Every structure is written in C-alpha cells, then in structure tokens.
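Asks:
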Amino acid sequence: MKKLRIHYLQHVAFENLGYIEDWALHQGYELTVTKLFENFELPNIQEIDWLIILGGPMGVEEEDKFPWFKAEKAFIKQAIDAKKIVLGICLGAQLIAEVLGGKVYKNKEKEIGWFDVNLTEEGKSHVLLKDLPATFSVFHWHGDTFDIPDGAQHLMYSTACKNQAFSYQNHVLALQFHLEIGPELLKNMLSNEREDLTKHPFVQTEERIIHELTNTVETNAIFKNILDKAAFL
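In this text, residue positions in the sequence shown follow the working numbering: the first is 639, and each later residue adds one.
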C-alpha cells in the first residue's frame, strides 16, 4: 500500500488528532501539521495526499480575530480542487461547508455529550459508510451547524442537529462530531471548555460525559472502518 502523506490543520493546542494519530502511525503513514495558533506554514499541495482539518472553539466568521482563517480556507479549497482526501471535524467540517458555498450558523440547540447519529439513505449507500450501523452514539461538542452545500451528499443527522455529516465527490468528508475522541483528548476539551456545559436539553453533565467514555471503543472502531476505506480511494 502507498505510504500516505497526511497533513493536518490544528486550531488550538488542546484539540489534537486523537485516534487518527494512532491509526496513521500504526499504518506507517507520514504525519505533518500546521499549528495555526503558532505559525502559518502550509505545505505545497502536491506534497500531501490527505488534508485533515481539526476542531476548535472559534467560528468560521471570525476572520478579524483569526486572520489566518482566510488563507486556511483558500488552502482547503485548493486541496478539494486537487482531489486530495479532505476530512473535516467539527470546526473543520464547518470550514469545508463554507468553502463549498454552504451557510454556517448557530444551531437551534447546543449539542455537547454522547448522542446518537443516524445514517440517511444516501449515507447507508455511501462508499465510506455502507458497512456502518444505521444508528450509533458519537461525541459532540458544537453550537454551530451548516447547510449541506450544493452538490454534496447529506449523510447523517441527529435529533438536535439535522446536518451532521456530508461528503462531496466522495473524496471530501465533513463530520460535525468527534469520532477521534479518546480519554486524553476528552480531558483536554473538558479542561479548556468546561464553561460550555450549561444546562440545555442536549448538553450532558461532565460526569455523564466521562461515564460514557466507554463508547470510544465503538466510535474508534467505526472511525477505523471509515479511514481504512478512505485510504483506498
């Protein structure tokens, strides 16, 4: 198998690759990073095979506060146009949606904790998802959502958020939730964003979130299934 060159964009120090790093290193793939909060060195698009855009607490509209957003969005578009595998998680998914012409805005409900997502009919037949359960529990931490861009396939939904995932031309996958979550990443997110855990219908308590951390066995296995398939596209 080809040794994939995976580059990822990290928005804050406390949100890292999580399970994706374990998967990539086990496969012997090359990992490189642009830590947007420290520097802004982007690779030549021809020197990467995958682009992964991670999450973060900021919103896609905050270009004045985070001036690197403009260049990041241009790089994401370049990767999509070059037919690279592009994976966006949470904020990363919202950035992809905006780059493809979709609207990003506040969701009616904040969604933080472990809640089910459901595959749409398109999701059930999608090349990356067709072996997955129709419904499974995933970890969420978001207040924003997106419209599905024109030409994209709507793949998943939840009770609190109708647009949880989409793909574009099969090589682009946007996930509003965190399949990469593990104990260390969850601890980091709780330590840095605990103030988000206010009382809402779809916001769990810290105790409940930690108690359900055993779900990562299933979610990481589901993510491995998706990543393994993407490696052969």
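Backbone N, C-alpha and C define an ideal beta-carbon position, used for all residues, glycine too.
Computed from a prediction, not measured in an experiment: that's the story for all the values here.
Buried or exposed for His-780, going by 16 or more other Cβ atoms inside 10 Å?
Replies: Counting Cβ neighbours within 10 Å, His-780 comes out buried, since at least 16 surround it.
Asks: Drop a sphere of 10 angstroms on the beta-carbon of Glu-759, count the other beta-carbons inside from all chains shown, and report buried for 16 or more, exposed for fewer.
Replies: The residue in question, Glu-759, is exposed, as its Cβ has fewer than 16 Cβ neighbours within 10 Å.
Asks: If we call anything under 9 Å between Cβ atoms a contact, is Val-698 one with Gln-648?
Replies: It is not a contact, given that the beta carbons lie outside the stated cut-off.
Asks: Taking only three categories from DSSP, how would you classify Ile-734?
Replies: Correct three-state label for Ile-734: helix.
Asks: What does the alpha-carbon distance come out to for the pair His-906 and Lys-825?
Replies: Given that the chain is displayed from residue 639 to residue 871, the structure contains no residue 906 and the question cannot be resolved.
Asks: Please report the straight-line C-alpha distance between Gln-842 and Glu-833, rounded to a whole angstrom.
Replies: So the alpha carbons of these two residues sit roughly 12 Å apart.
Asks: For Cys-799, which residues of its own chain have a beta-carbon under 7 Å away from its beta-carbon, when the five flanking residues on both sides are left out?
Replies: Asn-745, Glu-749, Thr-783, Gln-814.
Asks: Consult DSSP for Gln-648 and reduce its assignment to one of helix, strand or coil.
Replies: Three-state DSSP puts Gln-648 in a strand.
Asks: Of the residues Ile-658, Leu-865, Phe-704, which one's Cα is nearest the Cα of Leu-692?
Replies: Cα-wise, what sits closest to Leu-692 is Ile-658.
Asks: Among the residues of its own chain, which have a CB less than 8 Å from the CB of Trp-661, if the five just before and after it don't count?
Replies: Result list for Trp-661: Phe-861, Lys-862, Leu-865, in chain order.
Asks: In whole angstroms, what separates the C-alpha of Leu-729 from that of Val-755?
Replies: Those two C-alpha atoms are separated by around 18 Å.
Asks: Is it buried or exposed, Ile-734, if we count other Cβ atoms within 10 angstroms and call 16 or more buried?
Replies: Under this definition Ile-734 is a buried residue.
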